[in-house]
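Reviewing the structure listed below.
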Amino acid sequence: MTAHDTMHQPLQHIVFDMGGVLMTFDAMFFAQQYTTCDEDAQLLARAYFLRTEWALLDSGTITPETMVRVAEASLPARLHPALHACAAGWQHHSQPIAAVNELAARLKQRGLNLYLLSNASVEVDRQLEHCPTYPLMSGRVISGFERLMKPDPAIYQLLCTRYGLDPATCLFVDDNANNCTGAQVVGMRAYHFDGDAAALERAIERLL
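In this text, residue positions in the sequence shown follow my numbering: the first is 33, and each later residue adds one.
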């Protein structure tokens, strides 16, 4: 949390990251769903989820199809069918983080507005279709569609401009400290989420 919270306006909006906050993102677990041993799962996870090109996918620089072709080049041919199945279906193995989704629902009931700001590809809806909080949200900004990525301050400003939000009335929640810094640059408060939903709730209560 920032050191100067008392200087901000009353909290009105909570802006959530997705992966690691609302939904799980575990590359090895996803790969294990499409392979028969840990060795193959590690190969698949490294070739697809854990390579630098993944950031290009999230930024909208390359397409999902290109990402698969890139991964194919570093996998044995026998794992290509597993790769294709994983690319088409891993999002269904991303699970809601229950405590955070339940907290978000309570905050919505108390009159706070919820938003999503995520570094994710244009296929993000495959995850969001089973995110309990998503139907409660008033808007979203997804990097793959905007070709902007956190922690670039421009993507936080885009969210505020698009939905008419005063940054000083927003709290941004992310599991990446650098992304929190980007939010603070544009005047948002930020909370670096470490997996403790109760601590997040206490921090929000102090701002209400």
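Cβ atoms here follow ideal geometry from the backbone N, Cα and C, with glycine treated the same way.
The straight-line gap separating the alpha-carbon atoms of Q41 and T201 is approximately 6 Å. Boundaries cannot be given for H162, as no alpha helix (DSSP H) includes it and DSSP labels it neither H nor E. Under DSSP, N145 takes part in a beta bridge, and its partners are H45.
If only complete runs of 4 or more residues are kept, the segment 201-225 shows the alpha helix (DSSP H) at 209-217, in order along the chain.
In this structure, DSSP gives S175 a helical state, which the three-state scheme calls helix. Look at P96 here: in three-state DSSP terms it is helix. When DSSP states are grouped into helix, strand and coil, G121 belongs to the helix group. Bridge pairing for M55: G51, P128 [DSSP]. Between T84 and L76, the beta carbon gap of about 17 Å keeps them out of contact (Cβ cut-off 8 Å). In terms of Cβ geometry, I236 and L148 do not form a close pair [threshold 8 Å]. The secondary-structure analysis by DSSP pairs S106 with nothing; it has no beta-bridge partner. V205 places its beta carbon less than 8 Å from that of V53. Bridge pairing for S150: I174 [DSSP].
Contact check for M55 against C163 passes: the beta carbons are separated by less than 8 Å. By the neighbour-count definition (other C-beta atoms within 10 Å, threshold 16), N133 is a buried residue. For C69, there is no enclosing alpha helix (DSSP H), as DSSP marks it with neither H nor E.
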